[in-house]
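Data block below; observations after.
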Amino acid sequence: MACRLVSRLSSPLFHTNTFARTMSTLSEAQRQTLLQPLLSNGWAMVDNRDAIIKKYQFADFNEAFGFMTRVALKADKMDHHPEWFNVYNRVEVTLSTHDCGGLSQRDVDLATFCDNAIRQ
Numbered sequence: 003m004a005c006r007l008v009s010r011l012s013s014p015l016f017h018t019n020t021f022a023r024t025m026s027t028l029s030e031a032q033r034q035t036l037l038q039p040l041l042s043n044g045w046a047m048v049d050n051r052d053a054i055i056k057k058y059q060f061a062d063f064n065e066a067f068g069f070m071t072r073v074a075l076k077a078d079k080m081d082h083h084p085e086w087f088n089v090y091n092r093v094e095v096t097l098s099t100h101d102c103g104g105l106s107q108r109d110v111d112l113a114t115f116c117d118n119a120i121r122q
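Per the working numbering, the sequence shown starts with residue 3, numbered consecutively.
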């Protein structure tokens, strides 16, 4: 399934710029090659939805919040924002591309970033 993503950037300091990008859900072949390493590293498919989820646990709230901050900065640059839930030292991350109605390369990229961000 392909979708068309249109973003509009505007500011009084800059002219308005419109760009379009086509995004697709992962094919079956991509799911085998791209999702399998994530699933082997603690990510899981969400029941009744084309999405992946992972629960992280940290030493304390400060470490969890630091992780969320690193992911938030990356997600904003990617224009791809996770669904997440945080209580004290736990963070639960759910990824799916709403523009496509399922998993896309963006989800794989952000999931990989999340897994690397816990090592920082």
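Beta carbons are placed, not taken as given, at the ideal position from N, Cα and C, and that holds for glycine.
Item	Value
Residues bridged to Gln96 (per DSSP)	Note that residue 96 is Thr in the sequence shown here, rather than Gln. For Thr96, which the question treats as bridged, DSSP gives the partners Ile55 and Glu85.
Sufficient close CB pairs (3 or more, under 8 Å) joining the region 108 to 116 to the region 79 to 87	yes
Where Asn19 falls: helix, strand or coil (DSSP)	The predicted model places Asn19 with a pLDDT of 34, which falls under 50 and marks its position as unreliable, so this point remains unresolved.
Which residues DSSP lists as bridging Ser42, in chain order	Paired residues: none, contrary to the question.
Gly104, DSSP secondary structure in three states	strand
Exposure label - Thr27; buried when at least 16 CB within 10 Å	buried
Euclidean distance between Cα positions of Phe63 and Gln32	35 Å
Alpha-carbon spacing of Arg2 relative to Asn50, whole angstroms	With the chain covering 3 to 122 only, the question about residue 2 has no answer from this structure.
Close beta carbons around Tyr90, own chain, < 6 Å, minus the five adjacent residues each side	Phe63
CA-to-CA distance, Lys57 to Leu40, given in whole angstroms	13 Å
8 Å Cβ cutoff met for Ala53 and Ser106	no
Exposure of Met70, with buried meaning 16 or more beta-carbon neighbours within 10 Å	buried
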